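Each protein sequence line maps, in turn, to chains B and G. Numbered per the numbering used here, the first sequence spans residues 10 to 618. Numbered per the numbering used here, the second sequence spans residues 7 to 329. Just so you know, even glycine gets a beta-carbon here, dropped at the ideal spot from N, CA and C. Computed from a predicted structure; not experimentally measured.
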Amino acid sequence: MAALLEVDGLTIDARKDDGSLAPIVKGVSFGIERGEVVALIGESGSGKTTIALSALGYSKPGLEFTGGEVRLDGRDVITMPPDEKRDMRGQRVAYLAQSAAATFNPALTIGEQVTESPVLHGQMSREEAEDRAEELYRALELPDPDRLGKRYPHQVSGGQLQRLMAAMALCGRPDLLILDEPTTALDVTTQIEVLKAFKSVIKREGAAALYVTHDLSVVAQIADRIVVLYAGDILEHGDADQVINRPAHDYTRRLMAAVRPPPAAGQGDEALAEHLRDSPAIEVKGVNAGYGRRMDGSVTVKVLRDVNLTVQRGHTVGIIGESGCGKSTLARVMSGLLPATDGDILLDGQVLRPGLQQRDRSELQKIQFVFQMADVALNPRQRIGSILGRPLEFYFGLRGRERRRRVGDLLQMVELPPEFAGRYPEELSGGQKQRVNLARALAASPEVLLCDEVISALDTIVGANVIELLKRLRRQSGVSFVFISHDLSTVASFADDIVVLYAGRVVEQGPTDRVLSPPYHPYTRLLIASVPELRIGWLEETMESQEAQAGIDRVVRMTDTGCPFFDRCPIAIEGTCDRETPPVRRLGGRHAIECHRSEAEFLEGSAPA
Amino acid sequence: MALLNAILRRTALGVVTLFVVSVLIFVGTSILPGDVANIILGQMATPESLAALRAKLGLDEPAHVRYFIWLSDLLTGDLGFSKAGAGAGTIGTPISEMLMPRLVNTLRLATAVAVVAVPFAVTVGLLAAMYPGTKLDRAVTFTTLGLISVPEFLVATLLVLVVAVQLGWLPATAYISGQETGMKLVRALAMPALTLIIVASSQIMRMTRATVLNVMSSPYIEMAILKGVPRKRIILRHALFNAIGPIANVIALNLAYLVSGVVIVETVFAYPGLAKLMIDAVQTRDLPLVQACAMIFCATYIVLIFIADMVSILSNPRLRHPR
């Protein structure tokens with residue numbers, strides 16, 4: 010029997026402004042059997058999404074099919090007439106995109122969008138489609154399945170929306186699913202649940218799937234076969250077991266090497282003693298903050314609650330937690346972008362004025378912010394030279410040759426060639442832009458650098474290189490880092506201290522080694538357990554665990570009474586944890602856990618499952 | 007709750023704006039050099055006669071007292087009497103009597119234009135957005151841009167030249183006495199209406215096209231394409247719903263313009279509308295009449311924009327269905 014989908018010598022080109030063609034996909038061939046999951050892996054720019062979309066006979070605007078065929082059951086979908094294409098899409102081949110939040114139409118109900126395709130294609134009546142949708146909601150373990158269809162996309166959580174997208178794709182019983190990085194934008198705890206739901210529903214429906222991702226650990230959990238792509242070419246193609254355990258191509262081995270090991274104790278870099286002075290670089294004391302300021306100074310949405318932390322000179326403090334826990338808010342408060350409602354920020358032992366407008370130039374200069382999205386943070390109309398030159402002029406009054414020389418130094422510092430000063434941001438790759446973003450912050454010669462998810466948007470290999478660069482800068486300059494990330498592995502490999510934030514509270518903090526080894530706060534334990542490992546079968550093992558059952562895929566809820574983690578905690582004490590604010594337990598040194606349970610109980614709860 | 011809050015907040019804002027506008031209008035008319043007393047007495051003015059007339063007309067009260075008298079009269083529906091003298095010969099006529107026929111004329115014209123222009127413009131705008139880059143789209147873009155750039159008196163004059171003078175199909179002026187009905191009324195309205203339809207539709211068309219096209223580049227539209235949804239349904243069900251807010255706003259602005267901003271068209275066609283009445287009132291320094299017209303114009307803007315905002319609030323599911 011022929012394969013369900015055959016990609017045969019496919020080439021796709023991009024049409025440039027001057028009319029010439031640039032190859033994006035260079036003669037790619039592979040097949041997908043019925044009931045099989047094939048993963049396409051590669052970095053951004055490898056053409057993996059472009060190839061995946063071709064299975065629907067679709068190309069993004071500006072791209073053209075220039076050769077080869079993509080056959081679905083022997084019929085070429087690229088040359089299919091538009092009417093047949095429309096019939097095939099949604100009915101035979103269905104697509105799941107990276108961001109469900111952007112993929113659902115905000116103005117239509119979930120039910121209408123989930124059932125739209127089979128009803129339009131005349132596969133089912135509206136009632137049949139609604140029944141089918143409800144059945145899928147149940148299979149995907151979505152809450153309140155009989156009324157979910159009447160809700161709007163903004164009324165459900167991100168993880169639920171991601172699973173609803175699977176329901177939308179599966180509603181018309183397609184033969185082939187195209188999944189384009191469907192878990193990349195999710196928190197680890199949500200990702201694990203969504204992965205499990207995808208895997209079981211694909212198996213149940215007997216559909217074939219093409220899974221596009223850059224994350225090898227995810228691939229290891231879900232794929233039967235793996236296709237490794239680089240710059241529009243296939244480098245390696247084989248069974249999941251072979252590619253993961255015995256990679257043949259050098260590039261695949263490099264990809265594997267860049268996968269950060271699961272977070273464990275003993276990875277943190279110890280800071281150099283020479284930078285240590287008496288006062289910490291920056292201190293946060295009893296800070297409360299939030300959004301929507303009222304007349305009396307209180308806030309409508311309270312985010313940070315009584316946050317305390319200290320960053321020693323030359324040290325790196327990693328801040329972790331799921332989205333919605335207040336990580337970025339904390340960085341904004343430290344930088345002065347968002348004034349705290351209570352509490353103090355101390356720089357060098359001196360209390361800082363809360364708002365940016367009231368701070369003087371030297372205070373501004375000492376704390377610099379590196380934003381997550383270099384794309385958005387760099388002005389597209391300015392050359393790199395002026396982006397870097399502006400803070401030099403503002404803080405140090407440098408002009409002319411002096412300023413140009415310093416710009417060159419900065420570029421060298423972030424390992425970019427000096428001629429980049431004349432380029433515009435759009436001429437740079439994602440990793441290069443992030444380096445410029447970093448150099449812009451370094452231009453001010455800061456004492457504290459606040460890095461907010463600076464490598465989250467980068468590919469594995471590029472991200473690993475940026476981390477190496479950060480480590481080197483830290484050794485050379487003695488700058489203190491506050492490093493925010495939802496990726497525990499990255500933080501573990503880079504930070505001296507870790508602060509675990511949950512629902513605006515610090516639930517655990519201490520030296521990296523201590524935080525990453527028992528005793529754990531139950532939330533820290535959940536985070537550690539949820540980081541996918543590059544190992545086939547990891548997903549199933551983890552889902553059996555106690556933490557997973559209790560805590561995975563729940564919404565972070567801010568509470569005013571008791572411990573916010575109460576409803577996700579496997580060892581919560583009814584009547585205590587939901588009523589009383591947990592005490593801070595000091596476990597020696599800087600290590601502290603905020604929990605009603607005692608140290609002995611943590612250790613007990615941490616016994617291997 | 008969020009919905010009710012948004013509506014209440016928006017209503018309160020509308021009322022406050024109206025109040026502010028009334029102050030501005032009053033201040034604006036008060037600082038004009040010379041007052042009604044000057045105008046009425048003209049060359050015969052002596053300081054004594056001026057003072058006597060001012061006392062008689064209530065003009066010697068302090069400004070804030072006059073403002074509140076005016077405002078309370080306005081709120082009880084009393085627009086006062088015309089104070090313009092000599093030339094206009096309307097002194098003592100109740101202002102509401104002068105306004106009403108003009109207001110009816112203006113609303114007649116505005117309604118005629120709106121009924122044709124709004125559905126026509128939205129449809130053509132949608133068609134252009136459905137087939138971007140096609141001949142139809144390019145023709146629409148080119149024509150609307152051209153018509154927006156050309157001043158409306160030129161459009162009006164060209165229409166008179168072609169339709170009335172060359173072809174002789176319609177009268178060149180649109181004077182109506184108020185007794186016309188049926189075909190006669192249609193013929194009288196046709197030329198100014200046609201001019202305004204051209205001017206107003208161009209903007210609505212462009213905005214509809216731009217907003218819908220903007221929505222068309224969203225990921226959820228790509229998703230709809232990949233689900234095999236036909237193009238017509240994508241536009242009408244997926245895109246239009248998300249474009250209602252901006253479209254409602256540009257329609258409201260254009261309707262408000264039809265009431266207040268059409269003085270040029272009214273002048274070209276000698277059409278007795280409200281805008282022309284206001285210009286005449288300015289010339290005769292008939293300040294109470296100017297104030298009344300200005301209040302009507304501003305209120306029209308505020309009410310229409312308010313309605314447009316309501317439409318966009320109601321078309322937003324985040325406000326209709328809070329979490």
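Residues that residue i bridges to, as DSSP identifies them
i, result
"residue 489 of chain B", "B:457"
"residue 297 of chain B", "B:351"
"residue 190 of chain B", "Beta-bridge pairing links residue 190 of chain B to no other residue."
"residue 148 of chain G", "Answer is none; residue 148 of chain G lacks a bridge partner."
"residue 100 of chain G", "G:87"
"residue 32 of chain B", "B:22"
"residue 247 of chain B", "B:235"
"residue 518 of chain B", "B:508, B:601"
"residue 76 of chain B", "B:20"
"residue 7 of chain B", "The structure shown does not extend to residue 7 of chain B, since chain B is modelled only from 10 to 618, so the question has no answer here."
"residue 85 of chain B", "B:80"
"residue 39 of chain B", "B:16"
"residue 327 of chain B", "B:492, B:507"
Supposed contact pair residue j and residue i - C-beta distance, whole angstroms, cut 8 Å
i, j, result
"residue 72 of chain B", "residue 41 of chain B", "Actually they do not touch by this definition, with Cβ atoms about 22 Å apart."
"residue 206 of chain G", "residue 260 of chain G", "4 Å"
"residue 39 of chain B", "residue 243 of chain B", "7 Å"
"residue 203 of chain G", "residue 119 of chain G", "5 Å"
"residue 274 of chain G", "residue 112 of chain G", "In fact, because the Cβ distance is near 15 Å, the residues do not count as touching under 8 Å."
"residue 228 of chain B", "residue 507 of chain B", "That belief does not hold up - the Cβ atoms of residue 228 of chain B and residue 507 of chain B are roughly 28 Å apart, past 8 Å."
"residue 295 of chain B", "residue 317 of chain B", "6 Å"
"residue 142 of chain B", "residue 118 of chain B", "Actually they are not in contact, since the Cβ atoms of residue 142 of chain B and residue 118 of chain B sit about 11 Å apart, beyond 8 Å."
"residue 448 of chain B", "residue 475 of chain B", "That belief does not hold up - the Cβ atoms of residue 448 of chain B and residue 475 of chain B are roughly 12 Å apart, past 8 Å."
"residue 386 of chain B", "residue 342 of chain B", "That pair is no contact at about 19 Å."
9 Å Cβ cutoff met for residue i and residue j
i, j, result
"residue 167 of chain G", "residue 268 of chain G", "no"
"residue 491 of chain B", "residue 459 of chain B", "yes"
"residue 218 of chain G", "residue 132 of chain G", "yes"
"residue 68 of chain B", "residue 86 of chain B", "no"
"residue 329 of chain B", "residue 515 of chain B", "no"
"residue 107 of chain B", "residue 183 of chain B", "no"
"residue 338 of chain B", "residue 313 of chain B", "yes"
"residue 296 of chain G", "residue 35 of chain G", "yes"
"residue 238 of chain B", "residue 79 of chain B", "no"
"residue 188 of chain B", "residue 218 of chain B", "yes"
"residue 319 of chain G", "residue 20 of chain G", "no"
"residue 539 of chain B", "residue 200 of chain B", "yes"
"residue 379 of chain B", "residue 401 of chain B", "no"
"residue 525 of chain B", "residue 272 of chain B", "yes"
"residue 391 of chain B", "residue 434 of chain B", "yes"
Residue i, buried or exposed, once every other Cβ within 10 Å from all chains shown has been counted against 16
i, result
"residue 93 of chain G", "Bear in mind that the predicted position of residue 93 of chain G carries a pLDDT of just 45, short of 50, making it unreliable; the figure below should be weighed with that in mind. Exposed, since its Cβ has fewer than 16 Cβ neighbours within 10 Å."
"residue 281 of chain B", "Interpretation of residue 281 of chain B is limited by its pLDDT of 47, a score under 50 that renders its predicted location unreliable; no figure is taken from the coordinates."
"residue 128 of chain G", "buried"
"residue 152 of chain G", "exposed"
"residue 312 of chain G", "buried"
"residue 172 of chain G", "exposed"
"residue 530 of chain B", "buried"
"residue 335 of chain B", "buried"
"residue 442 of chain B", "buried"
"residue 495 of chain B", "buried"
"residue 223 of chain B", "buried"
"residue 76 of chain G", "buried"
"residue 22 of chain G", "exposed"
"residue 577 of chain B", "buried"
"residue 306 of chain B", "exposed"
"residue 229 of chain G", "buried"
"residue 376 of chain B", "buried"
"residue 148 of chain G", "exposed"
Contact test: residue i Cβ vs the ligand GTP heavy atom, cutoff 8 Å
i, result
"residue 203 of chain B", "Ligands are entirely absent from the displayed structure, and the ligand GTP is therefore not among its contents."
Worksheet entry | Segments assigned alpha helix (DSSP H), at least 4 residues, entirely inside the segment 224-269 of chain G | 225-232, 246-266
Fill in: In chain order, each alpha helix (DSSP H) run of at least 4 residues that lies wholly inside the segment 118-159 of chain B
If we require 4 residues or more, the alpha helix (DSSP H) runs fully inside the segment 118-159 of chain B come out as 119-129, 135-148, 154-157.
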